[in-house]
Each structure stands twice: as structure tokens, then as C-alpha cells.
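Q:
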Amino acid sequence: MRWMNSVLAEVLYALCSLVLAGASIFLLVREGRSPVVRWFVASCLALLVWVVTLFLFGRSEDPGYVLLVGRANFAAVSLAVYFGFRFVKAVAALPSRPSDTWLLWLSVALAVISATTPWIDKAELVGTGITGGHETVYGPLFALYVAHVVGMLAATLWLAFRSSSWVASPHRDQLLLLGWGTLATGVISLVTNALLPYTFDDFRWIDVGPLSTLLFLLSVAYAVIRHQLFDIRVFIRRAVVLGVALSMVLACYSALVLLVTDTFASSESGGVTRFGVLVLAFSFDPIRRFLEGRIDKLLFHERRRVTSR
């Protein structure tokens, strides 16, 4: 029997999923050009798949479906640990190295193997074993898979804590928070989703692993609020300023075009009116892009230089 099979578990799964999805969408839309944001969004999406697949894993009795979901769960973790490593590296403003590419290909390869072969997740047993719930039969490459996950987590922690000793504030505090958040989530997940199931055949605690993602998210949230990671206030201010300015400019421009159209159009000249409407439709986007560039240059050029590192 699973340790958490209650309303609390449902609420925590929903909360974790909503936070991961919401943070990804908001940051990607507002500041998708920043390497820090891109790697964080990639981490969130991989963790979202991990959380959702494990939620679905224990709530079906169809062996084929459970096997499909279970393998997707393993694949998501393989990518999440790499994306987390690159996220911390981007926060530390360290350059990319050829080894990063090799680690990416290794992570992708293990994700594909996990999702499509029995070499890592050999089988999923429904309602069997000493715990009475779903259990996993591991394949011959599971040890390699665990070594990859542990190695990536160790590299991320080493990077976060070591880099914090020489980078300037506020990045020092950001890295320390990310390091402690990664440590908390990583240790809990390894114990509940790898050590106990693999060593003791105990699957009762597997819900705790993905839900511990909330600890990592809390560390990121505190770094955002207290130490300006992503600087959400700048994003919101930029969105508000751009929205107000764009509304005013487009309103004046639309009124001008319609006034000119109405001046030259007679009751029989519907073509002129249609031409005016087409001018409005095709000129909105260039105006928006021009205005966004000017506002960024005038008001937010400092932020651009920081986030483009």
C-alpha cells in the first residue's frame, strides 16, 4: 500500500504540477531569451512529466498502461537532472564546455532507452509484492541509470556550492539556495524512489520523491523574492509598461487610419474601407515589435545585459 493515497496526496500533486507548469509558461513567455530561464523551464517541464507520470502510475490497474507510464517516468528523471545541472551552471555564468554536449547526449540516450526498452524498466507488476501495490522489475542497465542520476546531482551540487565561493552577490546567495534545494529534493528522491525500491523492494514511499520537488521550487521561489533570481518585478513592470504604451499607440494609430479612410471613402467606395482595415491588420505586429524594442532599450537595457550572459 502506498504511503500517501489520500486527499493530501492529490492536493500536493496538483499543487506541484500547477507550479511547475505555471512557472514554465510565465518565464518562457516573458523572458525566453535568457539562458538561465531556458534551462530552468526545461528542468520544470522534465520534473512536471516526472510528477504527472508517477501520479498516473499508481492510479491504474492496466499493466500495459502502467508500464508505459513507468518508463516515461524514468525517462523524465534522466533529462531533469541534466537540465538542472545546466540551470545552475547558467546562474553561475559559467561557459558551456564540450563535456556538456556529451552529457546531454548521454541523458537523451538514457531517456530513450528508458522509454522504449526493458533495459532499465523491465516490467511493472500491478497489485503484487510485499507492499500490495504497483512494483517495478528493473532491467540490466538500471545501475548505470542510477549512476547517471547520482553523478549529475553530485555535479550540480558541487557546481552550486563551489561557485558560490567566488561569484559576486546576489548570485552567491542564489547558488547556495539552489544547492540546498537540489540537495533536499535529490536525497529524498534517491532514497524513496531508488534505494528503498531497489534494495528493499519497498515501494510505499514513491509518492514522496516527486512531491519533494516542492522543496526545490521553494528554494527557487525564495531566491526570486529575496535575491532577485529572474527579477520577476522587472518582468511584471516591463509587461505593464509595454501593455499600456502599446494600447495608447495602437489606439491613436487606429483612429488616424480610420479617420483618413473615412475622409477619402464615399458611400459606394467600400474598397477604400477594406483597404484601411487591411492596413491596420498588417501593421499592428511591426508596431508592437518596434515599440517593444524601444521600451526595452530605454527602460530595461540594464536587465538585458544581465540576463543575456
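Just remember that this note's numbering sits 16 ahead of the position in the sequence shown, which is counted from 1. In this text, a Cβ means the ideal position worked out from N, Cα and C, and glycines have one as well. Predicted, not measured: the structure shown is a model, and the values here were computed from it.
#1: Just list the residues that DSSP pairs Asp137 with in beta bridges.
#2: Return the CA-CA distance between Leu31 and Leu122, expressed in angstroms with no decimal places.
#3: Closer than 8 Å is the cut-off here; do at least three beta carbon pairs connect the segment 78-98 with the segment 47-62?
#4: Does DSSP put Asp217 in a helix, in a strand, or in coil?
#5: Touch check for the segment 69-80 and the segment 231-239: three-plus C-beta pairs under 8 Å?
#6: Could you give the distance in angstroms between the alpha-carbon of His187 and the alpha-carbon of Pro134?
#7: Tell me whether the beta-carbon of Ser130 lies closer than 7 Å to the beta-carbon of Arg87.
#8: Under the assumption that Thr201 contacts Ala176 (Cβ atoms under 8 Å), give the Cβ distance between them as a whole number of angstroms.
#9: Indicate whether the contact test is met: 3 or more Cβ pairs, each with one atom in the segment 208-215 and one in the segment 150-160, closer than 8 Å.
#10: Compare the Cα-Cα distances from Val53 to each of Trp182, Pro226, Lys105 and Val128 and report the closest residue.
#11: Distance check for Val124 and Leu118, CA to CA, integer angstroms please.
#12: How big is the Cα-Cα spacing for Leu234 and Val107?
A: Walking through what the data contain:
#1: Tyr154
#2: 31 Å
#3: yes
#4: coil
#5: no
#6: 42 Å
#7: yes
#8: Wrong, their Cβ atoms sit about 13 Å apart, outside the cutoff.
#9: yes
#10: Lys105
#11: For clarity, residue 118 is Trp in the given sequence; the question names Leu instead. Spanning the two alpha carbons is a distance of roughly 10 Å.
#12: 17 Å
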